[in-house]
C-alpha cells in the first residue's frame, strides 16, 4: 500500500517516532535535480522552547562544485536566517557584509554504512570531511537525508546524527527541507579549516 504524499505541514505535526518512520521509509535523493539549489529548512523534531533557544528556520544548499576532489559530488553549507517564521521572507543573516554560514557538508552515498535507528537509506550529509573549522560543532555531523515523496526532490527530511570516531550518537532532532529555488550564492570551503 502506497502512503499519500506528505507536505511540510504534515511533517510539522508529527512526533519524533513518526518522523523517524518517514525517514526509514524515505526515498533516494535525485542528486542531479538537487544540484545548484537551495532549500528552506525547518526544525520539525524539537520542542518549541528548544527552537526558541536555537532557531526554527535555516537554509541548506547543494552545489556541484567543478573543483571537487570527487567529480560530480555535491557539497553544501548551512545559512543562518533571520527568524521570520515559516511564511516570512527567508533572509540570510549577515555579519560584516557577508552571509553567515556554518556546517559545511558533502553529500555521500550510504550504501554499506551502518547508522543508528535502522536507517538504511541511500545518502547522508558528511560534515566530518567538509572543511569545517575546529570550533564548528557541525564538523561531527553524519546526517541521513531522504526524499519524503517518491520521485520528487522538493521536500527532504534529515536527522541529526553525530559521529565521534567510530561512535555514532543520534540526536532527537529532525528537519525538513523545502525546495527554495536555484542557489543564490556560492560559498567557499572555510579557509584554513581542517
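Numbering (this note's numbering), first residue to last: 1 to 194.
The beta-carbon is built from N, C-alpha and C at its ideal position, and this holds for glycine as well.
Whole angstroms is fine: what's the gap from residue i's alpha carbon to residue j's?
{"i": "residue 194", "j": "residue 105", "result": "Low confidence applies to residue 194: its pLDDT is 45, below 50, so where it sits in the model is not reliable, and the reading given next is rough at best. In a straight line, the C-alpha of residue 194 is about 13 Å away from that of residue 105."}
{"i": "residue 130", "j": "residue 26", "result": "25 Å"}
{"i": "residue 7", "j": "residue 149", "result": "9 Å"}
{"i": "residue 187", "j": "residue 98", "result": "10 Å"}
{"i": "residue 79", "j": "residue 103", "result": "9 Å"}
{"i": "residue 108", "j": "residue 95", "result": "30 Å"}
{"i": "residue 179", "j": "residue 164", "result": "31 Å"}
{"i": "residue 23", "j": "residue 143", "result": "11 Å"}
{"i": "residue 14", "j": "residue 71", "result": "38 Å"}
{"i": "residue 12", "j": "residue 5", "result": "14 Å"}
{"i": "residue 73", "j": "residue 123", "result": "12 Å"}
{"i": "residue 117", "j": "residue 168", "result": "11 Å"}
{"i": "residue 100", "j": "residue 151", "result": "32 Å"}
{"i": "residue 145", "j": "residue 125", "result": "7 Å"}
{"i": "residue 91", "j": "residue 66", "result": "27 Å"}
My assumption, with CB atoms under 8 Å, is that residue i sits in contact with residue j. Please give the rounded CB distance.
{"i": "residue 76", "j": "residue 63", "result": "6 Å"}
{"i": "residue 147", "j": "residue 156", "result": "6 Å"}
{"i": "residue 173", "j": "residue 29", "result": "The Cβ separation is near 20 Å, so there is no contact."}
{"i": "residue 162", "j": "residue 134", "result": "Going by Cβ atoms, the distance from residue 162 to residue 134 rounds to 15 Å, so no, they are not a contact pair."}
{"i": "residue 158", "j": "residue 177", "result": "7 Å"}
{"i": "residue 160", "j": "residue 171", "result": "4 Å"}
Would you mind reading off the limits of the alpha helix (DSSP H) that contains residue i?
{"i": "residue 173", "result": "That residue, residue 173, is in no alpha helix (DSSP H); its beta strand (DSSP E) goes 167 to 182."}
{"i": "residue 16", "result": "16 to 24"}
{"i": "residue 9", "result": "8 to 12"}
Which residues share a DSSP beta bridge with residue i?
{"i": "residue 159", "result": "174"}
{"i": "residue 41", "result": "58, 177"}
{"i": "residue 78", "result": "60, 102"}
{"i": "residue 27", "result": "147"}
{"i": "residue 207", "result": "Because residue 207 is not part of the residues shown, which for the chain are 1 to 194, the question remains open."}
{"i": "residue 108", "result": "124"}
Could you check where the beta strand (DSSP E) with residue i kicks off and where it finishes?
{"i": "residue 126", "result": "123 to 126"}
Does residue i come within less than 8 Å of chain B when only Cβ atoms are used?
{"i": "residue 29", "result": "No chain B appears in this structure, which consists of one protein chain only."}
Does the count of Cβ pairs from the stretch 33 to 42 and the stretch 59 to 69 closer than 8 Å reach three? yes
Is it true that the stretch 113 to 125 meets the stretch 79 to 88, where meeting means three or more beta-carbon pairs spaced less than 8 Å apart? no
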